[in-house]
Amino acid sequence: MRFIDEYRDGELVKGIVGKVNELLEELGREVKIMEVCGTHTMAIARHGLRNLFRRNLDLISGPGCPVCVTPGSGFSLVFQAAETGRTVATFGDMMRVPLNGRSLSTLRGEGFDIRVVYSPYDALKMAEEEPEKEFVMAGIGFETTSPLFASVILECNRRGVRNLRLISLFRLMPPALNTLLEAGDLQIDGLILPGHVSTIIGVKPYVEIVEKHGVPAVVTGFEPVDIVESIRMILRQLVENRRMVENEYTRTVRHEGNVKAVRLMQEVFKPVDAEWRGLGKIAGSGLALREEFRLFDAVEAYGLKPVETGEPPGCLCGEVIRGSRKPVECRLYRKICRPDNPVGPCMVSSEGTCAAYYYAGIEK
Amino acid sequence: MCLGIPGRIEEVRGTEATVSFGGTRRSVRLDLLDNVSVGDYVIVHAGFAIEVLDQETALQMLNTLREVFRE
C-alpha cells in the first residue's frame, strides 16, 4: 500500500540501523529510549526491530496504551452501564479486560447488550436506528481519539439524538509524560513521541516538557523506517549534546497539529484530574464533558458509581506501564498470564506491552 | 488504539468520503478536516480522517533517506 510499503524497505532500514549502531558505539554507554505509544510498542515487536541494535540500546515501553492505563474504577462504570440495561458500544480492545473475574466479553455471554464498534460514529448510527434503546459509549483513548467522540457528541446535538451517552475515560498524554519524567527514577535518555497523538496536538505541547527535563524527543511515524530513523535522530542529539523536540513524521504531523480537531475537543470537553494505572492521579490529565453537554454524560444520567478495585495479585501491569519493569520480570508472564488467559490489561490490549512481548516471542 | 492508516480519497460527499486502502473501500468521516479533495491521502483513525498526508514532504524525506542510507 502506498505510503506504507515505502517505509518498510528492508534495505533502507538496514542502512539506517548501521548508522544507529555506529552512534551507539560512539556513545559507548547504555542508552535508554522510551517509546511512549502502544502502537509503537506493537510495531517494534511485529517488525522485530529490537534485535537489530547493539546491546547498549535499551528500548522501554511507556504509558501509551489507553486500555492499560485506565484503572479498574473506570471499567467498573462501563460494566454498570451494561448491567443496568443500557447497550454498551466499545472498541474491541476492551472486551476481555478482566475485572474481578469478569469482563465485558463474559457479561455479553450473560446476556447483556455489548457491541463492538470500529468507530464512535457507528454508535451514533445504531442509536438512530434503535431509538427505543439507550446507548452508552465507552470513551477510552488519548488525543487521537477524543476529538472523534467530540464530533459525535456535537452531531448528536445537531440531530437531536438523545439516546446516546458517553462515559469519558479519555486521557491526555503531555501531563503523563511530565509526571513520568518528573519522577526521574527511569533515567530516560530519549523519547519516541506518539505520532498520531501529535497529529492532533502538534509539536508545541512537548517543547516545555523537553526543555524542563532535558530529554531528546522525536515525534515518530509507525513504520520500520520511521522508527529506526527516529532512534537515529535521538542518538544524534545525544552525541551532539542537543536536547530538543524534532519531528520525523513530517508527512502527517504539522507543527501546530490539527487545529480544528483540537477546537472540537476543547468545545466539548474540559481537562480534569484523572487516575492512571501505574502513575496515580495526574492533574489535568483527563477529559470531562463541559456543562453544556452534561445531557450526554452517562455517569450522571444513570448515577453510575466507580468501584475501586485492587490490582490482580502478582500483576506488574502498573510497573510495566511506567516502564520501570519489563513483562519478562513478571512471574505470571507466559506462565499464567497469556493472551488467551490475561491477568491484567497489558496482556489484553493489542497495544499492551505484555501482549507485544508475548507475540514477539520474547522469553527473557 | 492510536492506529492510523493512510488511504486515498476517491469520492467526497459532504462530511463523508469513500477512501481506498490499497483497493479496499470504506466510508470515512471528514468532520475533523476542511478542504479535502479526491486524490488526497488521509490518515484514518477509527473511521475518521484525522489529517491529510503531505505527499510532497513524504517523497522528499524518502529520497533524502535513500540517498544517504541506501547503498
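Residue numbers (the numbering used here), protein chains in the order written: chain P, 1 to 364; chain U, 1001 to 1071.
For each residue, glycine too, the CB sits at the ideal point set by N, CA and C.
Computed from a predicted model, the values in this text were never measured in an experiment.
Is there at least one Cβ from chain U nearer than 8 angstroms to LEU264 of chain P's Cβ?
Residue 264 of chain P sits at position 264 when you count from the first residue of the first sequence. With 8 angstroms as the cut-off, LEU264 of chain P counts as an interface residue toward chain U.
Where are the alpha helix (DSSP H) runs, 4 residues long or more, that stay fully inside the region 78 to 129 of chain P, in chain order?
104 to 109, 120 to 129
Below 8 angstroms on the Cβ atoms is my contact criterion, and I expect VAL219 of chain P with VAL207 of chain P to pass it. Report the Cβ-Cβ distance as a whole number of Å.
In the first sequence, the residue the question calls residue 219 of chain P occupies position 219. In the first sequence, the residue the question calls residue 207 of chain P occupies position 207. Actually they are not in contact, since the Cβ atoms of VAL219 of chain P and VAL207 of chain P sit about 11 angstroms apart, beyond 8 angstroms.
With LEU154 of chain P and ALA298 of chain P assumed to form a contact (beta carbons below 8 angstroms), what rounded beta-carbon distance in angstroms separates them?
Here residue 154 of chain P is taken as the residue at index 154 of the first sequence, counted from 1. Here residue 298 of chain P is taken as the residue at index 298 of the first sequence, counted from 1. Wrong, their Cβ atoms sit about 17 angstroms apart, outside the cutoff.
Burial state of GLY111 of chain P, where buried means 16 or more other Cβ atoms lie within 10 Å
Numbered from its first residue, the first sequence carries residue 111 of chain P at position 111. Per the 10 Å Cβ criterion, exposed.
Check each candidate in P:ARG263, P:THR252, P:PRO216, P:LYS32 and name the one with the smallest Cα separation from ARG242 of chain P.
As a first step, residue 242 of chain P must be located in the first sequence, where it is residue number 242. Looking at the Cα atoms, P:PRO216 is the closest of the given residues.
Can you have a look at ALA183 of chain P and say buried or exposed, based on whether 16 or more other CB atoms are within 10 angstroms of its CB?
On the first sequence, position 183 is the one that residue 183 of chain P refers to. Exposed, because fewer than 16 other Cβ atoms sit within 10 Å of the Cβ of ALA183 of chain P.
If you measure beta-carbon to beta-carbon, which residues of the region 149 to 182 of chain P are closer than 7 angstroms to chain U?
SER151
List the residues of chain U that ASN258 of chain P touches, going by C-beta distances under 8 angstroms, in chain order.
In the first sequence, residue 258 of chain P corresponds to position 258, counting from 1. Those within 8 angstroms of ASN258 of chain P in chain U are LEU1032, LEU1033, ILE1050, GLU1051.
Given a limit of 7 angstroms on CB to CB distance, which residues of the region 1056 to 1068 of chain U reach chain P?
THR1057, ALA1058, MET1061, LEU1062, LEU1065, ARG1066
6 angstroms CB neighbourhood of ALA1049 of chain U in its chain, flanking five on each side removed:
Looking up residue 1049 of chain U in the second sequence gives position 49. Correct list, in chain order: VAL1028, LEU1030, LEU1033, VAL1042.
Closest residue to GLN1060 of chain U among P:ARG236, P:VAL228, P:GLY344, P:THR250 (Cα-Cα distance):
Here residue 1060 of chain U is taken as the residue at index 60 of the second sequence, counted from 1. When only C-alpha atoms are compared, the closest one is P:THR250.
Count the other CB atoms, across all protein chains shown, that sit within 10 Å of the CB of HIS196 of chain P; report buried if there are 16 or more and exposed otherwise.
Taking the first residue of the first sequence as 1, we reach residue 196 of chain P at position 196. Buried.
Using only the alpha-carbon positions, how far apart do VAL17 of chain P and ASN100 of chain P sit?
Mapped onto the first sequence, residue 17 of chain P falls at position 17. Mapped onto the first sequence, residue 100 of chain P falls at position 100. Roughly 45 angstroms separates the two Cα atoms.
Quick check on ARG1070 of chain U - is its C-beta less than 8 angstroms from some C-beta in chain P?
Taking the second sequence and counting its residues from 1, the one referred to as residue 1070 of chain U is at position 70. Yes, contact with chain P.
Does the region 75 to 87 of chain P come within contact of the region 1002 to 1022 of chain U, defined as at least 3 CB pairs closer than 8 angstroms?
no
Terminal residues of the continuous alpha helix (DSSP H) containing ASP185 of chain P?
As a first step, residue 185 of chain P must be located in the first sequence, where it is residue number 185. First-last for ASP185 of chain P: undefined, no H or E at that position.
Please name the residue in P:GLY64, P:GLY286, P:LEU172 whose C-alpha comes closest to that of VAL272 of chain P.
Residue 272 of chain P sits at position 272 when you count from the first residue of the first sequence. Nearest C-alpha to VAL272 of chain P: P:GLY286.
Does CYS37 of chain P have its Cβ less than 8 angstroms from a Cβ in chain U?
On the first sequence, residue 37 of chain P is found 37 positions in, with the first residue counted as 1. Yes, because at least one Cβ of chain U sits closer than 8 angstroms to the Cβ of CYS37 of chain P.
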